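Protein chains in written order, with the numbering used here: chain A, 7 to 414; chain B, 18 to 476. Built from N, CA and C at the ideal position, the CB exists for glycine as well. All of these numbers come straight from a predicted model, not from anything done at the bench.
Right, here's the structure in full:
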């Protein structure tokens with residue numbers, strides 16, 4: 007590449023006055039680099055410490071999620087969805103099952119809706135804690151990171167009680183959820199939320215008014231609202247620019263219209279705003295959780311419709327209808343009506359969209375995930391070109407790219 | 018309660034250990050000084066050798082080594098963790114000894130690791146860099162006086178035994194000269210590794226260290242003017258007097274030169290290259306100038322960092338915290354206590370014995386101050402995030418440098434108006450008052466709603 011800074015003419019005229027010829031330095035951040043979450047490579051051209059060009063390159067974590075789903079039954083897709091955004095798996099589970107249920111035209115029991123909200127909001131807090139902690143860690147604030155991880159660990163204890171797994175939950179099923187909440191769960195969750203709130207406020211005190219943290223995050227990685235919309239930003243990164251779009255408010259699903267919560271909106275669209283969005287959303291999620299814990303009705307957690315849901319075991323062993331239904335669902339999968347549908351939910355990092363096509367059989371004909379991270383990652387060069395190398399780190403953290411969902 | 022008792026016991030044990038160390042140190046300095054005096058070498062060499070053994074090897078290296086553990090334990094305490102407690106010494110069964118065996122385990126690990134040589138590296142400089150980094154930092158401690166001079170008679174000669182390796186007239190200038198040499202090790206490590214990230218780290222390190230040399234020097238100039246000397250032992254002597262003639266308020270550098278203290282501490286902290294000034298390392302950005310180093314070569318960079326912590330603490334103690342002095346009143350009390358001890362042991366207050374006992378206690382005081390400052394540095398390191406490259410330059414050139422110049426000017430004016438330290442002390446205390454008021458004010462301000470841009474609104 008010809009270097010525009012190498013002014014040969016000037017060199018010829020007056021060698022003493024001419025600027026010394028120089029080349030930009032090209033460095034690779036990643037795929038194995040402490041700040042590159044997952045395995046993404048960023049190809050960076052540096053002039054001194056100023057970023058001239060940045061080129062994020064994904065694909066190291068590509069697993070062929072969409073294609074794999076075409077080879078398994080609808081229910082068997084669920085474990086794959088856990089591995090999209092592995093920090094908030096229940097949100098993926100919920101998004102996928104909502105899409106399939108929309109295609110089937112079924113509505114799940116009330117209690118299942120509430121439990122989905124509870125699981126989802128717990129995981130939203132986990133996701134935001136991870137982002138805030140990682141950002142603190144990579145700016146050198148190790149202590150705040152461990153507070154966040156402690157809080158996330160406490161929440162994961164609850165997730166493990168609820169779903170049986172800490173990370174890969176596979177919690178929802180078409181027509182409801184896999185199992186009811188364990189005894190005394192809501193009381194323990196309330197205690198955990200209180201402790202998590204303490205830790206969250208401690209992180210807040212350590213970071214939000216910390217002069218060094220403010221200097222590092224204010225005015226870095228800025229993107230305007232127009233550009234953010236053009237790139238397809240959603241979620242906290244879009245709201246940080248001042249666009250108050252949240253699927254939970256704009257197109258309420260499950261029971262989100264019954265809760266009183268606010269959507270935090272930023273002004274500048276810089277790293278600090280994106281961080282502040284996460285902090286405030288954690289508070290709002292806690293508010294939603296506490297309301298959901300009060301409102302949750304009793305009742306079944308899954309439909310009693312054997313076309314979509316496995317019959318209970320006594321029926322399987324005791325009746326011919328149950329046995330056949332069990333056999334059909336296991337061997338052929340849920341028979342989802344022919345058609346195509348786009349369903350979307352608010353995942354932790356933005357709008358998680360599912361474009362699902364069914365040919366009427368037991369397996370997806372085509373499945374496409376609109377992961378919130380991909381458009382945001384593609385906006386990364388726009389946000390950091392012209393800033394310093396050190397600014398890449400908080401920017402990369404604040405967009406919270408999750409390798410699993412971006413690269414699928 | 019039991020925990021408090023354990024802590025107190027540990028503290029008493031540490032102080033007693035330090036006293037024993039200081040006592041042995043004085044004896045060794047006296048003995049080697051006497052022996053070499055007899056050989057006609059001049060006592061200086063013998064004393065220096067004894068001081069090197071007792072200060073550099075027994076104090077600095079052991080404290081620095083234990084600091085690697087203390088850092089892990091203290092950060093663990095700050096972060097609600099337990100910290101390292103798994104390594105065991107053979108035969109000691111279930112006792113983790115507070116994690117001390119981890120120091121040995123770490124050393125063993127570093128020694129037994131592969132000595133890696135990157136193919137693109139400059140072979141000679143690559144091997145030389147850790148030494149160039151470690152040696153100057155290790156040398157820095159040479160001029161720090163750990164204890165007061167004690168005149169001891171050797172036949173007809175009187176030998177002044179002191180726990181100080183060298184006492185050149187240039188004093189603090191030696192610190193500046195040697196401290197700036199350390200930058201070669203770091204930048205050469207970055208360059209010789211043949212790694213772009215390491216090169217970035219080396220460049221960052223050299224620019225940062227050069228920028229902070231200036232503030233480092235200016236921070237000390239005020240104290241040099243106050244004490245009228247460059248020699249550290251004389252600076253400590255200046256701080257033994259009471260401020261405004263009060264026996265309970267010592268004329269410590271931190272009281273007469275609070276701004277100088279802050280400048281020097283900040284600049285020296287930047288020189289140690291630790292968070293929030295750890296840009297040369299920047300573990301999440303460029304991994305650092307030592308990214309290509311493994312094993313004990315990396316260990317030398319690491320231990321140099323900890324030796325620098327101890328050295329910085331010791332210089333701050335000597336220049337700003339009164340060295341081995343507490344306030345004049347307490348110093349007098351200690352002297353009487355030493356006399357009582359000697360009379361109890363020998364029946365009469367033998368003058369040299371009293372002086373030596375007092376010196377031992379004062380050396381322990383000095384060492385305790387050093388340890389407290391080391392702890393302070395650990396606490397700072399685990400609290401703050403990292404600066405950015407341009408912000409650190411801004412802080413160095415645009416904030417610390419003008420402040421340092423203003424401090425030198427103000428000190429000069431004060432000393433011109435009032436050669437005794439009263440005016441300077443009044444100004445210094447006023448500065449401290451203003452600083453605390455500003456802190457309280459900003460603290461009170463921050464209890465109000467955050468200046469965060471997030472306004473909560475539904476739609």
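request  = Compare the beta carbon distance of residue 97 of chain A and residue 260 of chain A with 8 Å and say whether it is the shorter of the two.
outcome  = To locate residue 97 of chain A, count along the first chain from 1; it is residue 91. To locate residue 260 of chain A, count along the first chain from 1; it is residue 254. Result no, Cβ atoms of residue 97 of chain A and residue 260 of chain A do not sit closer than 8 Å.
query = Does residue 133 of chain A get closer than 8 Å to chain B when you measure Cβ to Cβ?
reply = As a working mapping, residue 133 of chain A is identified with position 127 in the first chain. By this cut-off, residue 133 of chain A is not an interface position.
query = Since residue 294 of chain A is in the beta strand (DSSP E), which residue starts that stretch and which ends it?
reply = As a working note, residue 294 of chain A is residue 288 in the first chain. Segment 277-301 is the alpha helix (DSSP H) holding residue 294 of chain A; no beta strand (DSSP E) there.
query = If you draw a straight line from the alpha carbon of residue 453 of chain B to that of residue 235 of chain B, how long is it in whole angstroms?
reply = By one-based count along the second chain, residue 453 of chain B stands at place 436. By one-based count along the second chain, residue 235 of chain B stands at place 218. C-alpha separation (whole angstroms): 23 Å.
Chain A contact residues for residue 213 of chain B, given Cβ-Cβ distances below 9 Å = Looking up residue 213 of chain B in the second chain gives position 196. Simply 31, 32, 33, 34, 52.
inquiry  = Tell me which residues share the same chain as residue 234 of chain A and place their Cβ nearer than 6 Å to its Cβ, disregarding the 5 neighbours each side in the sequence.
reply    = Position 228 of the first chain, counted from the first residue, corresponds to residue 234 of chain A. So the qualifying residues of the chain are 244, 247.
Neighbour flag for residue 193 of chain B against chain A, beta carbons, 8 Å = Along the second chain, one-based indexing puts residue 193 of chain B at 176. Output row for residue 193 of chain B: interface = no.
key: For residue 315 of chain A and residue 103 of chain A, the rounded distance between their alpha carbons   = Residue numbering aside, residue 103 of chain A sits at position 97 when the first chain is read from its first letter. Residue numbering aside, residue 315 of chain A sits at position 309 when the first chain is read from its first letter. Taking the straight line from one Cα to the other gives about 12 Å.
inquiry  = Short of 8 Å in beta carbon distance, which residues of its chain neighbour residue 186 of chain B, apart from the five on each side in sequence? Order them along the chain.
reply    = As a first step, residue 186 of chain B must be located in the second chain, where it is residue number 169. If we look at residue 186 of chain B and ignore the five residues flanking it on each side, its Cβ neighbours are 247, 248.
key: Positions along the stretch 283-312 of chain B whose CB lies within less than 8 Å of some CB in chain A   = 292, 293, 295, 296, 299, 300, 301, 302, 303, 304
task = Mind listing the chain B neighbours of residue 40 of chain A? Cutoff is C-beta to C-beta under 9 Å, in chain order.
result = Residue numbering aside, residue 40 of chain A sits at position 34 when the first chain is read from its first letter. Going along chain B in sequence order, the residues near residue 40 of chain A (Cβ under 9 Å) are 300, 301, 302, 304.
query = Just how far apart, CA to CA, sit residue 302 of chain A and residue 117 of chain A?
reply = For this step, residue 302 of chain A is matched to residue 296 along the first chain. For this step, residue 117 of chain A is matched to residue 111 along the first chain. Computed Cα separation, rounded: 6 Å.
task = Residues of the stretch 395-416 of chain B with a CB closer than 8 Å to any CB of chain A: list them in chain order, please.
result = 399, 400, 401, 402, 403, 404, 405, 406, 407, 408
request  = Can you have a look at residue 374 of chain B and say buried or exposed, based on whether 16 or more other CB atoms are within 10 angstroms of its CB?
outcome  = Translated into positions along the second chain, residue 374 of chain B becomes position 357. With 16 or more other Cβ atoms within 10 Å, it is buried.
ask   = If you check the beta carbons only, do residue 409 of chain B and residue 296 of chain B fall under 8 Å apart?
value = Numbered from 1 along the second chain, position 392 holds the residue referred to as residue 409 of chain B. Numbered from 1 along the second chain, position 279 holds the residue referred to as residue 296 of chain B. Their beta carbons are under 8 Å apart, which means residue 409 of chain B touches residue 296 of chain B by this criterion.
key: Under 8 Å (Cβ pairs) to chain A, residues found in the stretch 91-104 of chain B   = 92, 95, 96, 97, 98
task = Measure how close the beta-carbons of residue 8 of chain B and residue 178 of chain B come, nearest whole angstrom, since I'm counting them as under 8 Å.
result = Within the shown structure, residues of chain B are numbered from 18 to 476, placing residue 8 of chain B beyond reach of any answer.
inquiry  = Judging by CA-CA distance, which residue of A/87, A/53, A/252 is the nearest neighbour of residue 29 of chain A?
reply    = Position 23 of the first chain, counted from the first residue, corresponds to residue 29 of chain A. Answer by Cα proximity: A/53.
inquiry  = Classify residue 411 of chain A: buried if its beta carbon has 16 or more other beta carbons within 10 angstroms, exposed otherwise.
reply    = Working through the first chain from its first residue, we reach residue 411 of chain A at position 405. Buried, since its Cβ has 16 or more Cβ neighbours within 10 Å.
task = Specify, as a first and last residue, the run of the beta strand (DSSP E) that residue 31 of chain A falls within.
result = For the purposes of this step, residue 31 of chain A is taken as residue 25 along the first chain, with counting starting at 1. Its beta strand (DSSP E) spans residues 31-35.
task = Round the Cβ separation of residue 40 of chain A and residue 305 of chain A to the nearest angstrom and send it over; I've been treating them as touching at under 8 Å.
result = Indexing the first chain from 1 puts residue 40 of chain A at position 34. Indexing the first chain from 1 puts residue 305 of chain A at position 299. Not really, about 48 Å apart at Cβ, beyond 8 Å.
key: With 16 other Cβ atoms within 10 Å as the buried cut-off, status of residue 21 of chain B   = In the second chain, counting from the first residue as 1, residue 21 of chain B sits at position 4. When all chains shown are included, residue 21 of chain B counts as exposed.
message = Within a Cβ cutoff of 8 Å, which residues of the same chain sit near residue 287 of chain A, ignoring the five residues on either side of it in sequence?
response = In the first chain, counting from the first residue as 1, residue 287 of chain A sits at position 281. Cβ neighbours of residue 287 of chain A beyond the five flanking positions: 130, 134, 242, 270.
key: residue 149 of chain A versus residue 138 of chain B: straight-line alpha-carbon distance, rounded   = Along the first chain, read from residue 1 onward, the residue named residue 149 of chain A stands at position 143. Along the second chain, read from residue 1 onward, the residue named residue 138 of chain B stands at position 121. Using only the alpha carbons, I get a separation of about 35 Å.
task = Have a look at B/446, B/216, B/108 and flag the residue whose alpha-carbon is nearest the alpha-carbon of residue 208 of chain B.
result = Taking the second chain and counting its residues from 1, the one referred to as residue 208 of chain B is at position 191. For the residues B/446, B/216, B/108, the minimum Cα distance to residue 208 of chain B belongs to B/216.
task = Can you say whether residue 466 of chain A is buried or exposed, counting buried as having 16 or more other CB atoms within 10 angstroms of its CB?
result = A query on residue 466 of chain A cannot be resolved here, the shown segment of chain A reaching from 7 to 414 and no further.
inquiry  = Rounded to whole angstroms, what is the Cα-Cα separation between residue 6 of chain B and residue 324 of chain B?
reply    = Examination of residue 6 of chain B is not possible in this model, given that chain B is present from 18 through 476 alone.
key: Helix, strand or coil at residue 364 of chain A [DSSP, three-state]   = By 1-based counting over the first chain, the position of residue 364 of chain A is 358. Correct three-state label for residue 364 of chain A: strand.
query = With distances taken between CB atoms, is the gap from residue 341 of chain A to residue 313 of chain A smaller than 8 Å?
reply = Counting from one through the first chain, the residue named residue 341 of chain A turns up at place 335. Counting from one through the first chain, the residue named residue 313 of chain A turns up at place 307. Going by C-beta atoms, residue 341 of chain A is nearer than 8 Å to residue 313 of chain A.
ask   = Name the DSSP beta bridge partners of residue 357 of chain A, please?
value = Within the first chain, the letter at position 351 stands for residue 357 of chain A. For residue 357 of chain A, which the question treats as bridged, DSSP gives the partners A/352.
request  = Rounded to whole angstroms, what's the CA-CA distance from residue 42 of chain B to residue 340 of chain B? Just pull it up for me.
outcome  = As a first step, residue 42 of chain B must be located in the second chain, where it is residue number 25. As a first step, residue 340 of chain B must be located in the second chain, where it is residue number 323. Roughly 17 Å separates the two Cα atoms.
ask   = How is residue 57 of chain A classed by DSSP in three states: helix, strand or coil?
value = As a working mapping, residue 57 of chain A is identified with position 51 in the first chain. Residue state, collapsed to three classes: strand.
query = What is the DSSP secondary structure of residue 449 of chain B, reduced to helix, strand or coil?
reply = Numbered from 1 along the second chain, position 432 holds the residue referred to as residue 449 of chain B. In the structure shown, residue 449 of chain B sits in a helix (DSSP, three-state: H, G or I).
ask   = Can you find a C-beta in chain B that's less than 8 Å from the C-beta of residue 298 of chain A?
value = Position 292 of the first chain, counted from the start, is the residue given in the question as residue 298 of chain A. Not one chain B Cβ lies under 8 Å of residue 298 of chain A.
query = Which residues in the same chain have their Cβ closer than 8 Å to the Cβ of residue 448 of chain B, if we skip the five residues on either side of it in sequence?
reply = In the second chain, counting from the first residue as 1, residue 448 of chain B sits at position 431. Contacts found: 275, 276.
key: Nonlocal neighbours in the same chain, by C-beta distance under 7 Å from residue 328 of chain A, ignoring five residues either side   = Counting from one through the first chain, the residue named residue 328 of chain A turns up at place 322. Excluding sequence neighbours, residue 328 of chain A sits near 317, 321, 322.
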